[in-house]
Amino acid sequence: MYTDLLANLNPEQGEAVTLPPVNEHGQAQSALILAGAGSGKTRVLTTRIAWLIQTGQVSPIGVLAVTFTNKAAKEMMVRLSAMLPINTRGMWIGTFHGLCNRLLRAHHKEAGLPSTFQILDTQDQLSAIKRLLKGLKVDDEKYPPKQLQYFIAHAKERGQRARELAVGDDFQAKMAQLYEAYDAQCQREGVVDFAELLLRSYELLKHNEAIRTHYQERFRHILIDEFQDTNALQYAWLKLLSGHDGSPVNVSGAGTSAVFAVGDDDQSIYAFRGADVENMRLYEKQFHPLMVKLEQNYRSHGHILDTANHLIANNSERLGKNLRTDAGHGELVRIYDAPSDHAEAAWLIEEIKALVSSGIKRTEIALLYRSNAQSRIIEHALFSAAIPYRVYGGLRFFERAEIKHALAYLRLLENPNDDTSFSRVVNFPTRGIGARSIEAVQDAARAQQCSLYLACSTLDGKAGSALGGFVRLVDHMREATRHNTLPETVEFVIQHSGLIQHYLSEREGQDRVENLQELINAATAFIAEEGYGQDAAAAMLPGENSPGAVEVSPLAAFLSHASLEAGDNQAQAGQDAVQLMTVHSAKGLEFTSVFITGLEEGLFPHENSINELNGLEEERRLMYVAITRAKERLYLSHTQSRMLHGQVRYNMPSRFLEELPTDSLKWLTPKAKDARWGGGNSGRSSGSTWQDVYTRQRESESNDFFDSGSERERPAKQLGRVGSAATSVRRMASPPRGNYPFTIGQNVFHTKFGEGRVTSLEGNDADARAQVNFKRHGVKWLQLSIAKLAAVD
Ligand code: ATP
Ligand code: MG
1 MYTDLLANLN
11 PEQGEAVTLP
21 PVNEHGQAQS
31 ALILAGAGSG
41 KTRVLTTRIA
51 WLIQTGQVSP
61 IGVLAVTFTN
71 KAAKEMMVRL
81 SAMLPINTRG
91 MWIGTFHGLC
101 NRLLRAHHKE
111 AGLPSTFQIL
121 DTQDQLSAIK
131 RLLKGLKVDD
141 EKYPPKQLQY
151 FIAHAKERGQ
161 RARELAVGDD
171 FQAKMAQLYE
181 AYDAQCQREG
191 VVDFAELLLR
201 SYELLKHNEA
211 IRTHYQERFR
221 HILIDEFQDT
231 NALQYAWLKL
241 LSGHDGSPVN
251 VSGAGTSAVF
261 AVGDDDQSIY
271 AFRGADVENM
281 RLYEKQFHPL
291 MVKLEQNYRS
301 HGHILDTANH
311 LIANNSERLG
321 KNLRTDAGHG
331 ELVRIYDAPS
341 DHAEAAWLIE
351 EIKALVSSGI
361 KRTEIALLYR
371 SNAQSRIIEH
381 ALFSAAIPYR
391 VYGGLRFFER
401 AEIKHALAYL
411 RLLENPNDDT
421 SFSRVVNFPT
431 RGIGARSIEA
441 VQDAARAQQC
451 SLYLACSTLD
461 GKAGSALGGF
471 VRLVDHMREA
481 TRHNTLPETV
491 EFVIQHSGLI
501 QHYLSEREGQ
511 DRVENLQELI
521 NAATAFIAEE
531 GYGQDAAAAM
541 LPGENSPGAV
551 EVSPLAAFLS
561 HASLEAGDNQ
571 AQAGQDAVQL
581 MTVHSAKGLE
591 FTSVFITGLE
601 EGLFPHENSI
611 NELNGLEEER
621 RLMYVAITRA
631 KERLYLSHTQ
641 SRMLHGQVRY
651 NMPSRFLEEL
661 PTDSLKWLTP
671 KAKDARWGGG
681 NSGRSSGSTW
691 QDVYTRQRES
701 ESNDFFDSGS
711 ERERPAKQLG
721 RVGSAATSVR
731 RMASPPRGNY
741 PFTIGQNVFH
751 TKFGEGRVTS
761 LEGNDADARA
771 QVNFKRHGVK
781 WLQLSIAKLA
791 AVD
C-alpha cells in the first residue's frame, strides 16, 4: 500500500524514506540525509512522515518536525494532507521558536511564566534593554544597548545564563550583570525574547523529569529540515528531547526517539547567528545515524547546476558531495553589467516583462539581493512599471509602527504588566502624559518592584491623574471586549485607543490606517486558519493534549503568531506577484527564473566578511544557495556605480563571477567582461569613505537578526585567521600605496572602540583608511586622518 508514497521517489530517496527507525536491539535508530540543493531533502523528509504514519509506526501526534520558516511548516502540512487522509492541524510541525512557544504555553507554570506571557521581538527587546540601562543609570556609550542585546542573545544561544558566564574582565563582568538584570526585568514583566523561548523550554525539559519523560515518550520520531543551520542550544534541545544526552532515563545512549535529520553543509548560512555546521559532525558521532546521500538534482537545469558546483568547489571546508541532473544543459546563465543601479533596475523591468509575456507567472520570478537596502530602488522601478511584487523579509507587516502600537494595546489587555507595551503606548496617541509623569511612574515601579501599570495607582497629583486615565482606558477596553470575537476585539481596540483617529489626522497616515484595517483582516484569517470555533473564547491551541495543557485565548494565540510569523501577510495574498527577497530568505525555495542582483565586491561578498576566511566561505555558500534556487533561467547582474546609504559607490564586480564556469555563461554586455580585470576602474573601495562604511555598519546592526532576511554586523572572529585570508582577498584591489603609520597585523588602540588589530590598509594621504578588527566591536574601517588610533607595542 505504501508503495504509492514511494512511487515519486528515486531509489536513494526511497531508501532514505524507509530507513529502519529501530535497530536490531529494538532501540531508536537515527538517520542523516546529507545532500546538495534541490536533491529532494525536504520532499524526503515530508514523505518519511507520511510513510511512518501510513505504516502504523507512529500516529500523527507522535511526530515532531522542525522546519526553518513558518512558511515551510505550512507547506509541509499541505503536502502531508495531500499524501494521507489525515488532519495535520494538531501536528507538531513548526520552527524551533514556534514549537518552544507551544511547549511553554502548555507548561507555563512549570516554566515559571505567567499564562499570558508575551514574546518580545528584536525591536521590543532593544527598547526593553534601553529602558533597563536608563533605569540603572548605566552609561550607554560604554555599554551600548545593541552590544548588550547581542551579548545576551549570543549567551542564550549557547545555553548560558548570566551566572554561568566566564567573565574575563570588568567589562564582561558588567555585561553579565546587565544580562542578569535584563532577565529579571523580563521575568517581572512576563515577557520572553526569541532566544529565551528556546532556552526556557530547554531548561523546562531538563529540570522537569515528568514533562521530559512525557514528551520523550510522545515524540518517538523527530525530524529536522535544514539541520546545518541549527545552533548549539537547538542541538542540545534535540539531544535532550530525543534522550541522547546520557540522562538517567537512557544511559545506553541509544536515545528514546529516532531523529531524522536532513541537511547540506554547503548551505550553512547562519553562522553569524550562532548556527554551527559542526553540529552535523557531532550528530554523526553522538547519534550514530544511518546515512544516505542524494546526488540527483531535480530542480535546476545543467548550466545552472554546473555554475553552482563550480562555485562551491572553491570552498575548503566541505563534507563533499556531487550533484547531477538529467534535465539537460538548458539555457546559459546570463550576466549583465550595468553602468548604474538605476540602469540595473531598468534592465530588470525589461527582462521581467519579457518573461511574463512569454507565459511565465510572476510568482515564478525571484529577485534576490544580499542586503535589504538594495530592494528600495528595485521596488521603485517595479512600482513605476506597475508590476505587482511582494517583498519577503523586508519590514514585516507585524513590525510596522502602527501595527506594533495596536499590538501593544492588545498585549496590555492580555497582560497589563508588560512594561514594554505600556511604555510604547502610554502616551501614544498623545494624551498629555509628559516625561515627568513617566519618570515618576518608573521610579515608583522600581521602588516597589512592580510593573508600571500597578505603580500608576500609587501616584497622586498630576502624574497620578494622567496615568490613571490611561489605566482606566486599558481596563475599559479589556472589560468591553471580554465576550467579543478576536476581530471584534482588534477593531474595538484600534478605534478606542485613538490610533485610527490619530493616523486619519496625519497627512500621510492613509497607508497606516489601511494597515490597521488589515490587522482586523489578519485576525479574521487567523481565526479561520487556526480553526477556532464561534465560541472562541476558551479555545485551546489546536491539537493540544499534553498534561497540564492550558487554555489559550485566541487573542493570546494571535499575539504569539504576530511575534513569530515571518510576515507573509504584507501583500494581497494570492496575487500573482514578482518575489523580492534577500538570499537568506530564499533558503529552501525554488523559482523558474531567478535574478541575483548587486554582484559586487563589498556587497556580495559583503564587506564585513571579505577579510576573514570563514566569512568569505559563508558568503560563497550564500551565493550557492542563491544560484540553486533557479530551475530554468538564471540572471546575474552587477553595476559599476551604486547609491547606497546616501553615497555613490564604485564597486568591482564580485569575485564570485570569476569562479563560474565560462562555458555555462552568456555575457549580455560583452564589454563589461573586459572592463572587469582590464583596469581603468577605480577599484572597489574608492567610493567608500569611513563615514559611509561606518554608517552602513550601524544600519546593518540595527536590522532584526532573527528575521531570516536580515543581516547584521558579524561578531568579531579570531584575529589569527585574518592575515592569510586578507592576502588572498586583496588580489583585485589596487595595492596600498600610502605611507601608513601602521602595518597589517599591528595592535592598535582606539579611544571609543578599544583594542584591535589592523587587518587591511587602503587609500592614500588624507584618504588613507585602515580596517581594524576590534576585540569588542568587531571589524571597522577608520579614516586615518580623523580616527584617534594609536599603535600599541
Ligand atoms: P534545498 O536544499 O534547496 O532545500 P531540497 O534538497 O530540500 O532543496 P526539494 O525542495 O525537496 O529539495 O526538491 C527540489 C525539487 O525537486 C522540488 O520541486 C521537488 O518536488 C523535486 N523533486 C524532488 N525529488 C523528486 C523526484 N524523485 N522526482 C521528481 N521531482 C522531484
Ligand atoms: Mg529543502
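Residues in the sequence shown are numbered consecutively from 1, following UniProt numbering.
A virtual CB, placed ideally from N, CA and C, is assigned to each residue, including glycine.
Contact test: Arg362 Cβ vs the ligand ATP heavy atom, cutoff 7 Å: Between the ligand ATP and Arg362, a heavy atom-to-CB distance of less than 7 Å is absent.
Lys41 CB to nearest heavy atom of the ligand MG below 7 Å: Judged by the Cβ position, Lys41 qualifies as a neighbour of the ligand MG at the 7 Å threshold, a heavy atom of the ligand being closer than this.
Gly469 CB to nearest heavy atom of the ligand NAP below 7 Å: No copy of the ligand NAP occurs in the structure displayed; its ligands are the ligand ATP and the ligand MG alone.
Check: Asp225 C-beta below 7 Å from any heavy atom of the ligand MG: Asp225: yes, Cβ under 7 Å from the ligand MG.
Cβ-based burial, Lys285 [other Cβ within 10 Å; buried from 16]: Taking all protein chains shown into account, Lys285 has fewer than 16 neighbouring C-beta atoms within 10 Å of its C-beta and is therefore exposed.
Three-state class that DSSP yields for Lys780 in the structure shown: In the three-state reduction of the DSSP assignment, Lys780 falls in the strand class.
Same chain only: Cβ atoms within 8 Å of Leu104, ignoring 5 sequence neighbours per side: If we look at Leu104 and ignore the five residues flanking it on each side, its Cβ neighbours are Ala111, Leu113, Phe117, Val192, Leu197, Arg200, Ser201 and Leu204.
Nonlocal neighbours in the same chain, by C-beta distance under 8 Å from Asn309, ignoring five residues either side: In chain order, Asn322 and Leu323 place their CB closer than 8 Å to the CB of Asn309, counting only its own chain and leaving out the 5 sequence neighbours on each side.
Inter-residue spacing [alpha-carbon to alpha-carbon] between His476 and Phe96: Each residue's Cα considered, the two are about 37 Å apart.
Own chain partners of residue 796 with C-beta closer than 8 Å, once the 5 adjacent residues on each side are dropped: Because the chain in this structure spans residues 1 to 793, residue 796 falls outside the shown range and cannot be described.
beta-carbon Gly263 near the ligand MG non-hydrogen atom, thresh 7 Å: Remark: the shortest separation between the CB of Gly263 and any heavy atom of the ligand MG does not fall under 7 Å.
Option nearest Trp237 by Cα separation, candidates Asp265, Val262, His207 and Asp264: The shortest Cα separation from Trp237 among Asp265, Val262, His207 and Asp264 belongs to His207.
The ligand ATP heavy atom lying under 7 Å from the CB of Gln13: Correct: Gln13 has its Cβ closer than 7 Å to the ligand ATP.
Thr639 classed as buried or exposed, judged by whether at least 16 other C-beta atoms fall within 10 angstroms: The residue in question, Thr639, is buried, as its Cβ has 16 or more Cβ neighbours within 10 Å.
beta-carbon Leu311 near the ligand ATP non-hydrogen atom, thresh 7 Å: Between the ligand ATP and the CB of Leu311, the shortest heavy atom gap is not smaller than 7 Å.
Near the ligand MG: Gly94 beta-carbon under 7 Å from a heavy atom: Result no, Cβ not under 7 Å from the ligand MG.
Contacts around Lys775, its chain only, beta-carbon distance under 7 Å, and the 5 residues preceding and following it disregarded: Only Ala716, Gly754, Glu755 and Gly756 meet the Cβ criterion.
Residue 795 Cβ short of 7 Å to the ligand MG heavy atom set: Here the chain has residues from 1 to 793 only, and residue 795 is not among them.
Residues near Lys671 in its chain [Cβ-Cβ closer than 6 Å; skip 5 each side]: Note that Lys671 scores a pLDDT of 44, beneath 50, so its modelled location is shaky and nothing firm can be said.
Environment of Pro60 [buried if 16+ CB atoms lie within 10 Å]: The residue in question, Pro60, is buried, as its Cβ has 16 or more Cβ neighbours within 10 Å.
Cβ separation of Ser257 and Phe219, assumed to be a contact under 8 Å, to the nearest whole Å: That belief holds up - the Cβ atoms of Ser257 and Phe219 are roughly 6 Å apart, short of 8 Å.
N- and C-terminal bounds of the beta strand (DSSP E) containing Leu580: Counting along the chain, the beta strand (DSSP E) containing Leu580 begins and ends at Val578 to Thr582.
Stretch pair the segment 175 to 189 + the segment 13 to 32: three plus CB contacts closer than 8 Å: Put simply, the segment 175 to 189 does not touch the segment 13 to 32. Fewer than three CB pairs are less than 8 Å apart.
beta-carbon Gly588 near the ligand MG non-hydrogen atom, thresh 7 Å: Relative to the ligand MG, the beta carbon of Gly588 is positioned inside 7 Å of a heavy atom.
Rounded separation between Leu413 and Leu148 - CA only: Roughly 30 Å between the two C-alpha positions.
Beta strand (DSSP E) runs wholly inside the segment 377 to 451, at least 3 long, in chain order: Listed in chain order, the complete beta strand (DSSP E) runs (minimum 3 residues) inside the segment 377 to 451 are 389 to 391.
Residues bridged to Thr639 [DSSP beta-bridge criterion]: Answer is Ala338, bridged to Thr639.
Secondary structure of Ile119, DSSP reduced to three states: Strand.
Residue from Thr669, Thr67 and Glu658 whose Cα sits closest to the Cα of Ala313: Minimum Cα distance to Ala313 is reached at Glu658.
Span separating the alpha-carbon of Leu452 from that of Asn427: A direct Cα-Cα distance of roughly 13 Å separates Leu452 from Asn427.
Leu80 vs Thr88 beta-carbon contact at 8 Å: Yes, the pair counts as a contact, with Cβ atoms nearer than the cut-off.
Gln267 CB to nearest heavy atom of the ligand ATP below 7 Å: Answer for Gln267: yes, Cβ within range of the ligand ATP.
Bridge partners - Val748, DSSP secondary structure assignment: For Val748, the pairing in a beta bridge is given by DSSP as Gly756 and Ala791.
Simplified DSSP assignment, three categories, for Ser593: The answer is strand: DSSP assigns Ser593 an E or B state.
Cutoff 8 Å: Trp51 Cβ touching any chain C Cβ: Absent from the structure is chain C; it holds one protein chain and no more.
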